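In this text, residue positions in the sequence shown follow my numbering: the first is 147, and each later residue adds one.
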Amino acid sequence: MGEHERMLVRLGKILEQIARPHPCDEALPVEVQASLWQLGFPCNELTPREELIPRLWARKRTLLMGIGHEWRGPGITPPSAA
């Protein structure tokens, strides 16, 4: 698995963590914040998930276009609402 594929998997895991239903006042967990910072998405516990999710999907789509059709790893299809 190359660097782009690993990044796709990491983005998918982060999206699974922040795109799930949550209470309005729930802060981003520290481990999620750390992962986002590592991926180049500066944030804090007050950063709205609604702001992060489209940015993460945009990065994921860009990576998918760069890889082409040869990779069929986990979670590469965006939800229909994206």
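Even for Gly, the Cβ is constructed at its ideal location relative to N, Cα and C.
Predicted model only: the values in this text are computed from it and were never measured.
Relative to the C-alpha of PRO169, which candidate in PRO200, LYS159, PRO194 has its C-alpha closest?
Your numbering for residue 169 matches position 23 in the sequence shown. Measuring from the Cα of PRO169, the nearest candidate turns out to be PRO194.
Please report the residue range of the alpha helix (DSSP H) in which ALA204 lies.
In the sequence shown, residue 204 corresponds to position 58, counting from 1. Its alpha helix (DSSP H) spans residues 195-213.
Ignore the nearest five residues each way along the sequence and tell me which others in SER181's own chain have a CB closer than 6 Å to its CB.
One-based indexing of the sequence shown puts residue 181 at position 35. Contacts found: ILE160.
Mind checking which residues open and close the alpha helix (DSSP H) that includes HIS150?
Against the sequence shown, residue 150 aligns to sequence position 4. 149-164 is the span of the alpha helix (DSSP H), which, as asked, contains HIS150.
Would you identify the three-state DSSP class for ALA173, choosing helix, strand or coil?
The residue you call residue 173 lines up with position 27 of the sequence shown. Three-state result, ALA173: coil.
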